[in-house]
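Undergrad: Residue numbers (our numbering): 2 to 327. Below is a structure I'd like to ask you about.
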Amino acid sequence: MNEANILITGTGSLIGQAIIKCIKKSFINKKIRIVGCDYFSGTVGSYWCEKNYLLPDLLDIKKVDEWKEKVISIIVKEKINILFIGVDFELEYFANMREELKNKYNCTVVVSDSTVIEIGNDKYKTYEFLVENGLNAPRTVLLEEAEIEKIVYPVIVKPRKGARSRGVKLVKNAREMEGIINTHVGQGFIIQEAIGTEQTEYTCGIIYMNNEFCNSIVLRRTLKEGNTATARFSGNKEQVIVDYIKDIGDRLTPFGSCNLQLRIGQDGKPYLFEINPRFSGTTHMRSLFGYNEVEYIVCTILGWEIPAMNLLPGEAYRYYDERLVE
């Protein structure tokens, strides 16, 4: 195959746009035709694609079948070879459709299986997965099952399901916890041991293809409004983290890219607190260090020559930008 058609969802999302940017800057750019889709018109990412489609509202349960029919119609019309997902809530649906889209339409969806998605989407199941596999994990209990008098503060209270630090609260004492209990019981929250500090937080990427480890990157980060604002790459010299995330990946066996967020505890060991079984918001930032995971995955799937990742240490900064559309 000399050329390929790639569909990217979420042309209005940080992740979708990051995937497009990675293709645009890759050496395979001229061999790729990019088709995009989103739930809103006028997204910046749509202007980076050769064509862009609007999808039915997937969050409306009555429109799920209509959404599926629309996705399939785009794949058939545009002869899509690979589909990348840029929107969190699509993961479960595409995981269930993965085999059908491959077998009927020869379209490879870059998504892990439903079990991996379920573990990643539920932070309590993430904790159970770590414990069952003998991996470092911050002590975690369901809010309803916590023995309040035994809590050692500070702790983190957060939703079992969610992303970008929404609903996350650092609770420092019993008085604050009493208020949390009064307002959050029965709403799907967990209490988690507060590991490390903001200065010891990392966002990490792993790539797995056909159940085999391919590569990883470890970035020390700072956050702003739940997203990575700065990322520092030290050449993967944090060997204890590199080994830890590979252990996680070998047991989880995702497909494509998987994002792992962790902190270093006082004992010097890494403790994972979140698995995002998808591309990260830092996908494009990673490519600045030479870690173009989108390019790598495309070449692997299509059987093209796989480029070497020559990673360069440095620091990346996220900033706002503007574009005039005439």
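A virtual CB, placed ideally from N, CA and C, is assigned to each residue, including glycine. Keep in mind the model is a prediction, meaning the values are calculated, not measured.
Spatial neighbours of I302 within its chain, please: CB distance less than 7 Å, with the 5 preceding and 5 following residues excluded, ordered by chain position.
TA: Residue 302 sits at position 301 when you count from the first residue of the sequence shown. Excluding sequence neighbours, I302 sits near I83, T109.
Undergrad: The beta strand (DSSP E) spanning I207 covers which residue range?
TA: Sequence index remark: in the sequence shown, residue 207 carries index 206 (1-based). Note, I207: beta strand (DSSP E), 202-210.
Undergrad: Please classify S42 as buried or exposed, where buried requires at least 16 neighbouring CB atoms within 10 angstroms.
TA: Translated into the one-based positions of the sequence shown, residue 42 becomes position 41. Exposed, because fewer than 16 other Cβ atoms sit within 10 Å of the Cβ of S42.
Undergrad: What are the start and end residues of the alpha helix (DSSP H) that includes Y318?
TA: Residue 318 sits at position 317 when you count from the first residue of the sequence shown. First-last for Y318: 315-318, but that is the beta strand (DSSP E), not the alpha helix (DSSP H).
Undergrad: Give me the residue from S27, G187, I7 with the minimum Cα distance to N53.
TA: Numbered from its first residue, the sequence shown carries residue 53 at position 52. Residue I7 is the option with its Cα nearest to N53.
Undergrad: Using CA atoms only, rank isn't needed, just tell me which of S288, Y209, I242, G257 is closest to D251.
TA: As a position in the sequence shown, residue 251 is number 250, starting the count at 1. Checked all of S288, Y209, I242, G257; the closest Cα to D251 is Y209.
Undergrad: Using only alpha-carbon positions, find the residue among T254, G304, E316 that is nearest to F290.
TA: Here residue 290 refers to the residue found at position 289 of the sequence shown. Minimum Cα distance to F290 is reached at E316.
Undergrad: Alpha helix (DSSP H) containing D244: first to last residue?
TA: Locating residue 244 in the sequence shown gives position 243, where the first residue counts as 1. Element bounds for D244: 240-253.
Undergrad: Can you name, in chain order, every residue of its own chain whose Cβ lies under 7 Å from the Cβ of I172, other than the five neighbours on each side?
TA: Position 171 of the sequence shown, counted from the first residue, corresponds to residue 172. Note that residue 172 is Val in the sequence shown here, rather than Ile. Closer than 7 Å at the Cβ level, and outside the excluded window around V172, lie Y154, P155, V156, V158, M178, I181.
Undergrad: Of the choices S27, I29, Y48, M98, whose alpha-carbon is the least far from that of V36?
TA: Within the sequence shown, residue 36 is the residue found at index 35, counting from 1. Per the Cα distances, Y48.
Undergrad: Can the beta-carbon of A279 be found less than 8 Å from the beta-carbon of T201?
TA: As a working note, residue 279 is residue 278 in the sequence shown. As a working note, residue 201 is residue 200 in the sequence shown. Sequence check: residue 279 is Arg here, not Ala. Their beta carbons are not under 8 Å apart, which means R279 does not touch T201 by this criterion.
Undergrad: Report buried or exposed for F90, applying the criterion of at least 16 other Cβ atoms within 10 angstroms of its Cβ.
TA: To locate residue 90, count along the sequence shown from 1; it is residue 89. It counts as exposed.
Undergrad: Apply the 10 Å Cβ neighbour rule to L253 and answer buried if 16 or more other Cβ atoms are within range, or exposed otherwise.
TA: Numbered from 1 along the sequence shown, position 252 holds the residue referred to as residue 253. Looking at its Cβ environment, which holds 16 or more other Cβ atoms inside 10 Å, L253 is buried.
Undergrad: For the beta strand (DSSP E) that contains S217, what are its first and last residues?
TA: Within the sequence shown, the letter at position 216 stands for residue 217. Taken as a continuous stretch (DSSP letters only), the beta strand (DSSP E) holding S217 covers 213-225.
Undergrad: Shortest alpha-carbon distance to M2 belongs to which of D61, C38, K80?
TA: Taking the sequence shown and counting its residues from 1, the one referred to as residue 2 is at position 1. Of D61, C38, K80, the residue nearest in Cα terms is K80.
Undergrad: Put K126 into one of helix, strand or coil per three-state DSSP.
TA: Counted from its first residue, the sequence shown places residue 126 at position 125. Three-state result, K126: helix.
Undergrad: Label L143 either buried or exposed according to how many other C-beta atoms from any shown protein chain fall within 10 Å of its C-beta, with 16 as the threshold for buried.
TA: Residue 143 sits at position 142 when you count from the first residue of the sequence shown. Exposed: under 16 other Cβ atoms inside 10 Å.
Undergrad: If you measure between the beta carbons of E296 and S27, is that distance less than 8 Å?
TA: Here residue 296 refers to the residue found at position 295 of the sequence shown. Here residue 27 refers to the residue found at position 26 of the sequence shown. Closer than 8 Å, so yes.
Undergrad: In this structure, does DSSP put S288 in helix, strand or coil?
TA: Here residue 288 is taken as the residue at index 287 of the sequence shown, counted from 1. In this structure, S288 counts as helix in the three-state DSSP scheme.
Undergrad: Return the Cβ separation of R140 and T229 in integer angstroms, given the expectation that the two are a contact with Cβ distance under 8 Å.
TA: As a working mapping, residue 140 is identified with position 139 in the sequence shown. As a working mapping, residue 229 is identified with position 228 in the sequence shown. Actually they do not touch by this definition, with Cβ atoms about 26 Å apart.
Undergrad: Considering only DSSP beta bridges, list what V142 is partnered with.
TA: By one-based count along the sequence shown, residue 142 stands at place 141. Paired residue(s): I192.
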